[in-house]
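> I am attaching a structure below and will ask some questions about it afterwards.
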Amino acid sequence: GESVGLHLPTLSVQEGDNSIINCAYSNSASDYFIWYKQESGKGPQFIIDIRSNMDKRQGQRVTVLLNKTVKHLSLQIAATQPGDSAVYFCAEIPKGSARQLTFGSGTQLTVLP
Amino acid sequence: GAGVSQSPSNKVTEKGKDVELRCDPISGHTALYWYRQSLGQGLEFLIYFQGNSAPDKSGLPSDRFSAERTGGSVSTLTIQRTQQEDSAVYLCASSLLGLAGIADTQYFGPGTRLTVL
């Protein structure tokens with residue numbers, strides 16, 4: 023559903039389980055995508071990025087998947103930990119642009135003990 | 400090294416007053432960005448500085464908003480005659496190059512929470 027005010031899309035997972043957070047984008051000319059993590063009261067923190075010429079990229083415990091056909095981006099977090107609880111949102115840089123845009127209000131991930 | 404810093408961390412003001420928000424980017428970063436984040440919302444681009452180029456002001460919501468970057472480093476975002484709808488967290492970010500076609504990571508400061516009463 024649509025997010026209004028505090029009502030972010032939410033995802034609750036058990037500690038140790040894998041998390042999948044999704045993001046849709048609309049600009050087919052987007053060249054570069056970034057996932058950020060934002061903890062309460064803090065600025066966004068870079069997690070992982072991916073270029074449009076790739077469909078998968080792995081980091082430490084995180085994997086980003088890009089499906090350009092349906093303009094969909096996902097972030098997978100393996101073995102989710104309590105410290106992963108935060109709001110996650112994606113951003114993109116269109117070709118020819120140096121500044122970023124973001125999509126929606128992000129997803130609130132809550133890790134349950 | 401030090402990250403992006405912003406001051407003040409919190410600002411409460413009365414409607415109609417002017418406010419100035421400050422951003423100190425990471426040393427050596429040529430690009431600086433201002434964003435606004437309303438409660439529970441995503442980031443809204445405001446303005447972007449890159450080196451000595453004219454800033455990209457396309458995101459500023461009204462002429463009450465302005466920003467400057469002195470000496471290619473510190474930036475000040477000024478909001479004149481503040482309105483209640485200006486209440487938000489104002490985030491600053493910097494990146495090494497900020498050039499079109501080159502993707503470099505933006506590093507964010509902790510933000511300034513502005514409340515207009």
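Which chain is which? The protein sequence lines are A and B, in order. Quick note on the working numbering: the first sequence kicks off at 23 and runs consecutively. Quick note on the working numbering: the second sequence kicks off at 400 and runs consecutively. Backbone N, C-alpha and C define an ideal beta-carbon position, used for all residues, glycine too. Nothing here was measured: the structure is a model prediction, and the numbers come from that model.
Which of helix, strand or coil does DSSP assign to D53 of chain A?
Translated into positions along the first sequence, residue 53 of chain A becomes position 31. Note: D53 of chain A maps to strand in three-state DSSP.
> What residues from chain A crowd round Q440 of chain B, counting only those whose CB sits closer than 7 Å?
For the purposes of this step, residue 440 of chain B is taken as residue 41 along the second sequence, with counting starting at 1. Those are S127, listed as they occur along chain A.
> Would you mind telling me which residues of chain B sit closer than 7 Å to R79 of chain A, beta carbon to beta carbon, in chain order?
On the first sequence, residue 79 of chain A is found 57 positions in, with the first residue counted as 1. Near R79 of chain A there are no residues of chain B at all, since even the closest Cβ is about 13 Å away, more than 7 Å.
> So is A90 of chain A in contact with chain B if we call contact Cβ pairs under 8 Å?
Here residue 90 of chain A corresponds to residue number 68 of the first sequence, with the count starting at 1. The question names Ala, but residue 90 of chain A in the sequence shown is Lys. No, no contact with chain B.
> Quick check: the Cα distance between I56 of chain A and D77 of chain A, rounded to an integer number of angstroms?
Counted from its first residue, the first sequence places residue 56 of chain A at position 34. Counted from its first residue, the first sequence places residue 77 of chain A at position 55. Going from the Cα of I56 of chain A to the Cα of D77 of chain A covers about 13 Å.
> For A430 of chain B, which option in B:G450, B:D423, B:F464 has the closest C-alpha, if you only look at C-alpha atoms?
As a first step, residue 430 of chain B is located in the second sequence; it is residue number 31 there, counting from the start. Of the listed residues, the one whose Cα sits closest to A430 of chain B is B:G450.
> Tell me which residues of the region 416-430 of chain B have at least one Cβ-Cβ distance to chain A shorter than 8 Å, keeping chain order.
Cβ contacts with chain A: A430.
> Check whether the Cβ atoms of F444 of chain B and R73 of chain A sit closer than 8 Å, and answer yes or no.
Looking up residue 444 of chain B in the second sequence gives position 45. Looking up residue 73 of chain A in the first sequence gives position 51. Taking 8 Å as the Cβ cut-off, F444 of chain B and R73 of chain A do not qualify as a contacting pair.
> Tell me the DSSP secondary structure of T514 of chain B in three-state form.
What you label residue 514 of chain B is simply residue 115 of the second sequence in a count that begins at 1. T514 of chain B: strand per DSSP, three-state reduction.
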